Amino acid sequence: MEKIASFTIDHIRLKPGVYVSRRDTVGEEVITTFDLRMTNPNEEPVMNTAEVHTIEHLGATFLRNHPDYKDKTIYFGPMGCRTGFYLLLAGDYTSADIVPLMTEMYEFIRDYRGEVPGASPRDCGNYLDMNLPMANWLAKRYLDQVLYHITDAQLNYPV
1275 MEKIASFTID HIRLKPGVYV SRRDTVGEEV ITTFDLRMTN PNEEPVMNTA
1325 EVHTIEHLGA TFLRNHPDYK DKTIYFGPMG CRTGFYLLLA GDYTSADIVP
1375 LMTEMYEFIR DYRGEVPGAS PRDCGNYLDM NLPMANWLAK RYLDQVLYHI
1425 TDAQLNYPV
């Protein structure tokens, strides 16, 4: 069986960043999948499910309400390895194209206070597994360590 594309990335050399994972065509529309890598794979602890779940709720809510991207957002959700998130957008984008959007989204998550959207038994299948303070902290860390000072090496997968 052939390896899927995401398993061909060198996770030993991969650092936190914003990467184009793949581009697919559905009909005439290009779907760009982004790898939003928040932690250093295999070198630092992964994010716990509660903060990942909180970031997922806040990020999806932000994107689905964004004036320019709400109709282009296909999916936002966590990687199974808990080192980051996938974002799928309708359109042919580069990593650099979405840095302003990701900065805006992670500032929203960093600064969010109050009830997490969708964190109720009616709206979510595991609504108690949330950690807003840790989600705020992780968003700040990603902004400070990656998004505010992003380099070409954090926009392109290691070769």
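Those letters in the sequence shown? Residues 1275 to 1433, by our numbering.
The C-beta atom is built at its ideal place from N, Cα and C for all residues, glycine as well.
Treat the numbers as computed from the prediction; the structure is a model and nothing was measured.
Could you work out which residue in the options is closest to residue i when comparing CA atoms only?
i     : options                       : result
M1376 : E1276, D1309 and D1298        : D1309
H1220 : W1411, N1430, L1406 and Y1416 : Residue 1220 lies beyond the range of the chain shown here (1275 to 1433); nothing can be said about it.
E1337 : T1347, E1302 and T1328        : Reading the sequence as shown, one finds Leu at residue 1337 and not Glu. With distances taken between Cα atoms, L1337 lies closest to T1347.
G1301 : G1365, M1312 and F1382        : G1365
I1329 : H1423, W1411 and N1316        : W1411
P1352 : I1372, D1342, Y1367 and V1326 : V1326
Y1367 : T1307, K1277 and E1276        : T1307
P1374 : H1285, V1304 and Y1343        : Y1343
Where residue i and residue j are concerned, what is the direct C-alpha to C-alpha distance, given to the nearest angstrom?
i     : j     : result
C1398 : L1363 : 23 Å
L1421 : Q1428 : 9 Å
P1290 : S1394 : 31 Å
V1292 : R1396 : 33 Å
A1334 : A1413 : 14 Å
N1314 : P1341 : 32 Å
E1318 : D1385 : 24 Å
R1287 : P1432 : 6 Å
D1371 : I1283 : 21 Å
T1299 : F1382 : 31 Å
Under a three-way DSSP split, which group does residue i fall into?
i     : result
E1317 : coil
Y1360 : strand
G1392 : coil
N1339 : helix
Y1422 : helix
G1399 : coil
I1283 : coil
E1325 : helix
Determine, using beta carbons only, whether residue i and residue j come nearer to each other than 7 Å.
i     : j     : result
D1403 : A1279 : no
R1356 : V1390 : no
Specify, as a first and last residue, the run of the beta strand (DSSP E) that residue i falls within.
i     : result
R1311 : E1303 to R1311
T1347 : T1347 to P1352
Alpha helix (DSSP H) containing residue i: first to last residue?
i     : result
S1369 : S1369 to D1385
Y1431 : Counting along the chain, Y1431 falls outside any alpha helix (DSSP H), and DSSP gives it neither H nor E.
R1296 : Unbroken run through R1296 is the beta strand (DSSP E), G1291 to V1300; no alpha helix (DSSP H).
Y1416 : L1406 to Q1419
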